[in-house]
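Enquirer: Structure in structure tokens, see below.
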Amino acid sequence: MNSKPITETDVLETLQDFLDPELGRSIVKLGQVQQVRADGGRLSVVVGLPTFAAPVWEELRSALVEKLRTAFPHLEQVEVVLTPWARPPERQGVVGLSAKSVAAVGSGKGGVGKSTVAALLAQGLARAGAQVGLLDADVYGPSIPHLLGVHEQPTVVNDRLQPVRVDGLAVMSIGFFVPPGEAVLWRGPMLHNAISQFLRDTDWGDLDYLIIDLPPGTGDVALSLSQLLPLTEAVVVCTPQDVALLDAAKAITMFRKLQIEILGMVENMSYFICPGCGMRHEIFGCGGARRRAAELNVPFLGEIPLNVGLRTQCDEGRLAAVWQDTALTGFLETICRRLVHSAIQVRRQKAHQVNLPVLE
Ligand code: ADP
148 MNSKPITETD VLETLQDFLD PELGRSIVKL GQVQQVRADG GRLSVVVGLP TFAAPVWEEL
208 RSALVEKLRT AFPHLEQVEV VLTPWARPPE RQGVVGLSAK SVAAVGSGKG GVGKSTVAAL
268 LAQGLARAGA QVGLLDADVY GPSIPHLLGV HEQPTVVNDR LQPVRVDGLA VMSIGFFVPP
328 GEAVLWRGPM LHNAISQFLR DTDWGDLDYL IIDLPPGTGD VALSLSQLLP LTEAVVVCTP
388 QDVALLDAAK AITMFRKLQI EILGMVENMS YFICPGCGMR HEIFGCGGAR RRAAELNVPF
448 LGEIPLNVGL RTQCDEGRLA AVWQDTALTG FLETICRRLV HSAIQVRRQK AHQVNLPVLE
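In my numbering, the protein residues as written are 148 to 507.
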């Protein structure tokens with residue numbers, strides 16, 4: 148058994164090939180191993196990680212502990228403490244958006260829960276510790292202000308729109324400016340200008356994620372995004388019904404034509420657990436999106452059951468209350484974690500195409 152005292156150099160050598168989730172480079176070379184304390188049989192290491200990866204910090208912490216335990220099996224205790232590592236985002240596209248990842252949430256069909264999922268994703272990422280903006284660009288029915296119970300209007304400070312702050316999110320919606328039903332007539336250039344203004348003239352601050360609620364089906368907003376922001380990626384929401392899956396496949400084809408990478412598919416209203424008898428009822432069928440995702444070669448991010456509380460909280464504008472329901476949080480957190488893994492992968496693939504720091 149090796150009982151030689153462990154030095155900082157030993158720890159740095161061990162963690163040399165542990166990659167920063169955002170840049171894909173060694174956390175040691177990037178100076179993110181901030182403190183190493185070895186005391187007899189105990190080792191304590193402080194590592195800085197970007198909030199971009201906050202939903203997967205726990206996985207990363209376990210992997211770091213495992214690596215250290217394997218390298219130093221004689222230790223009684225290995226502790227890894229994670230702390231936020233600030234790294235401002237690069238400015239993206241012609242609109243100069245300061246965000247690390249832009250996830251546009253789309254669906255082939257309306258009414259599948261796209262806006263609900265977009266808002267839940269934004270809340271989930273923010274609850275885990277990421278900096279998140281939510282842009283409601285659904286011209287057919289901008290429902291985000293209603294879901295989040297936002298009644299105030301954004302203000303303007305120094306010619307910049309101030310997003311409304313709610314549930315730890317910076318929120319902007321086309322519904323703040325346009326009477327219901329009017330934006331539905333917008334097409335091409337008008338829509339493009341509105342989206343471009345929302346991206347350019349809103350004081351989003353430094354974001355880890357900008358989640359965008361797209362209108363269902365139509366490619367107009369997606370086309371604008373692909374021109375304005377080279378980093379745009381997409382999440383496709385569908386229900387397990389065949390017709391919704393067919394439309395979801397069309398949405399995926401549309402995103403691919405626009406060179407928008409698919410972060411993954413979410414199956415909403417997967418099944419219903421009867422609160423009375425506890426039985427699982429597969430009202431729209433189940434598992435269709437997982438199968439379709441595999442066929443289309445896109446990641447499957449997870450499923451959300453039909454839930455009466457979720458529906459009521461949406462109606463009452465208290466979506467954040469959903470996070471108190473343990474029957475749902477597991478599903479939602481899984482989706483957020485898988486989304487982050489997907490975003491990390493896409494970032495690495497795209498690093499050479501857009502102005503991201505080049506990997507080693
Ligand atoms: P879309 O944006 O696709 O048109 P919405 O997000 O507006 O759909 O959701 C449509 C309706 O379905 C809303 O009333 C919402 O409350 C409800 N809903 C969405 N997801 C669920 C779910 N998992 N369980 C119960 N109701 C849901």
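Note that beta-carbon positions come from the ideal geometry of N, C-alpha and C, so glycine has one too.
Spatial neighbours of E160 within its chain, please: C-beta separation below 6 Å, excluding the five flanking residues on both sides.
Expert: Here the question's residue 160 lines up with position 13 in the sequence shown. Within the same chain, E160 has no close Cβ partners at all.
Enquirer: The alpha helix (DSSP H) that contains Q224, what's its start and end?
Expert: For the purposes of this step, residue 224 is taken as the residue at position 77 of the sequence shown. Taken as a continuous stretch (DSSP letters only), Q224 belongs to no alpha helix (DSSP H), being part of the beta strand (DSSP E) at Q224 to P231.
Enquirer: State whether the stretch 480-490 contacts the stretch 191-211, with contact taken as three or more CB pairs (one from each stretch) at a distance under 8 Å.
Expert: Counting Cβ pairs under 8 Å, three or more are found: they touch.
Enquirer: Flag this pair as touching only if the stretch 397-404 and the stretch 359-374 have three or more C-beta atom pairs under 8 Å; answer yes or no.
Expert: yes
Enquirer: Which residues in the same chain as V279 place their Cβ atom closer than 6 Å to its Cβ, once the five residues preceding and following it in sequence are excluded?
Expert: Looking up residue 279 in the sequence shown gives position 132. The residues are A269, L272, A273, L316 and Y356.
Enquirer: Within its chain, find whatever has a CB closer than 6 Å to the CB of S191; leave out the 5 residues flanking it on each side and keep chain order.
Expert: For the purposes of this step, residue 191 is identified with residue 44 of the sequence shown, where counting begins at 1. Answer for S191: R184 and E226, listed in chain order.
Enquirer: How would you label E507, buried or exposed, when you count the other beta carbons within 10 angstroms and need 16 or more for buried?
Expert: Walking along the sequence shown from the start, residue 507 turns up at place 360. Its pLDDT being 40, under 50, E507 is placed unreliably in this model, and the coordinates cannot settle the point.
Enquirer: Among L170, L346, A233 and P387, whose alpha-carbon lies nearest the alpha-carbon of S373?
Expert: As a first step, residue 373 is located in the sequence shown; it is residue number 226 there, counting from the start. Checked all of L170, L346, A233 and P387; the closest Cα to S373 is L346.
Enquirer: Helix, strand or coil, according to DSSP, for A277 in the structure here?
Expert: Translated into the one-based positions of the sequence shown, residue 277 becomes position 130. Three-state DSSP puts A277 in coil, outside helix and strand.
Enquirer: Whole angstroms is fine: what's the gap from L282's alpha carbon to F419's?
Expert: Taking the sequence shown and counting its residues from 1, the one referred to as residue 282 is at position 135. Taking the sequence shown and counting its residues from 1, the one referred to as residue 419 is at position 272. Cα to Cα, L282 sits roughly 30 Å from F419.
Enquirer: Can you give me the C-alpha to C-alpha distance between V286 and V304, rounded to a whole angstrom?
Expert: Reading the sequence shown from its first residue, position 139 is the one you call residue 286. Reading the sequence shown from its first residue, position 157 is the one you call residue 304. For V286 and V304, the distance between alpha carbons rounds to 25 Å.
Enquirer: I want to check one thing, is the minimum distance from the CB of P377 to the heavy atoms of the ligand ADP below 7 Å?
Expert: Residue numbering aside, residue 377 sits at position 230 when the sequence shown is read from its first letter. Remark: the C-beta of P377 is outside contact range of the ligand ADP, defined as less than 7 Å to any heavy atom.
Enquirer: In whole angstroms, what is the alpha-carbon distance linking V212 and P220?
Expert: In the sequence shown, counting from the first residue as 1, residue 212 sits at position 65. In the sequence shown, counting from the first residue as 1, residue 220 sits at position 73. Taking the straight line from one Cα to the other gives about 11 Å.
Enquirer: Measuring from the CB of D462, is there a heavy atom of the ligand ADP at a distance below 7 Å?
Expert: Mapped onto the sequence shown, residue 462 falls at position 315. Answer for D462: yes, Cβ within range of the ligand ADP.
Enquirer: V413: buried (16+ other C-beta within 10 angstroms of its C-beta) or exposed?
Expert: Against the sequence shown, residue 413 aligns to sequence position 266. Looking at its Cβ environment, which holds 16 or more other Cβ atoms inside 10 Å, V413 is buried.
Enquirer: How about S489: is its Cβ closer than 7 Å to a heavy atom in the ligand FMN?
Expert: The ligand FMN is not among the ligands present in this structure, which contains only the ligand ADP.
Enquirer: E205 bridges to which residues according to DSSP?
Expert: As a first step, residue 205 is located in the sequence shown; it is residue number 58 there, counting from the start. Per DSSP, none; premise fails for E205.
Enquirer: Short of 7 Å in beta carbon distance, which residues of its chain neighbour A467, apart from the five on each side in sequence? Order them along the chain.
Expert: Mapped onto the sequence shown, residue 467 falls at position 320. Q270 and D314, listed in sequence order.
Enquirer: Please report how far the alpha carbon of P326 lies from the alpha carbon of D462, in whole angstroms.
Expert: Taking the first residue of the sequence shown as position 1, residue 326 is located at position 179. Taking the first residue of the sequence shown as position 1, residue 462 is located at position 315. Taking the straight line joining both Cα atoms gives about 20 Å.
Enquirer: Is K261 near the ligand ADP - that is, is its Cβ less than 7 Å away from at least one heavy atom of it?
Expert: As a working note, residue 261 is residue 114 in the sequence shown. K261: yes, Cβ under 7 Å from the ligand ADP.
Enquirer: Does the ligand ADP have even one heavy atom less than 7 Å from the beta-carbon of L393?
Expert: Looking up residue 393 in the sequence shown gives position 246. Answer for L393: no, Cβ out of range of the ligand ADP.
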